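Numbering (my numbering), first residue to last: 99 to 253. Each residue gets a CB set at the ideal place from its N, CA and C atoms; glycine is no exception. Note that the coordinates shown come from a computational prediction; the quantities given were computed from them, not determined experimentally.
Given below as structure tokens:
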């Protein structure tokens, strides 16, 4: 019997070892291996974040981390937003970002949200109400830009 995928959400301290492993495995698979980018994924911020992920069987196929306002920036932050390569083009990435924004609003009300986006995804994030907030910059050899979604922006 196949188990239907389901969104999972937890504070760092509530993650099981297996859940954390699935999340880190997906992030490293994409950000380190696929993008050939040697960087420290376990950057010390996971403990201060809530985590949202989608499990399908025994693997995470999409995930992100959420920071309340004032932790990393004045705004709330979504970060480490990633979808498994085999799930791209299915709408899962849009669903992931929408679910992250919904969770932030449920916890903190209408707040501004900041992301550090890979530059080629600017158009994707604009669909969620994010606006460019910086010039392009290099992060670990990949062009990025800061984007902010104003508080109360329509979904």
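TODO: Report buried or exposed for residue 177, applying the criterion of at least 16 other Cβ atoms within 10 angstroms of its Cβ.
DONE: Position 79 of the chain shown holds residue 177. It is buried - the Cβ of residue 177 has at least 16 other Cβ atoms within 10 Å.
Task: Three-pair Cβ contact test at 8 Å for the segment 115 to 123 versus the segment 152 to 165 - done: yes
Open item on the list: Looking only at its chain, what residues have a beta carbon closer than 6 Å to the beta carbon of residue 160, apart from the 5 residues adjacent to it on each side?
Closed with: Locating residue 160 in the chain shown gives position 62, counting from the first residue. For residue 160, where only same-chain residues beyond five positions count, the Cβ hits under 6 Å are 152, 181, 190, 194.
- [ ] In the DSSP assignment, find the beta strand (DSSP E) that holds residue 165 and state where it starts and stops.
- [x] Within the chain shown, numbered from 1, the residue matching residue 165 stands at position 67. Taken as a continuous stretch (DSSP letters only), the beta strand (DSSP E) holding residue 165 covers 157 to 165.
Task: Endpoints, the beta strand (DSSP E) within which residue 109 is located - done: Residue numbering aside, residue 109 sits at position 11 when the chain shown is read from its first letter. Residues 104 to 109.
Open item on the list: Let me check one thing: in DSSP terms, what residues is residue 247 bridge-paired to?
Closed with: Residue numbering aside, residue 247 sits at position 149 when the chain shown is read from its first letter. 211, per the DSSP bridge assignment.
- [ ] Count the other CB atoms, across all protein chains shown, that sit within 10 Å of the CB of residue 131; report buried if there are 16 or more and exposed otherwise.
- [x] Sequence index remark: in the chain shown, residue 131 carries index 33 (1-based). Burial call: exposed.
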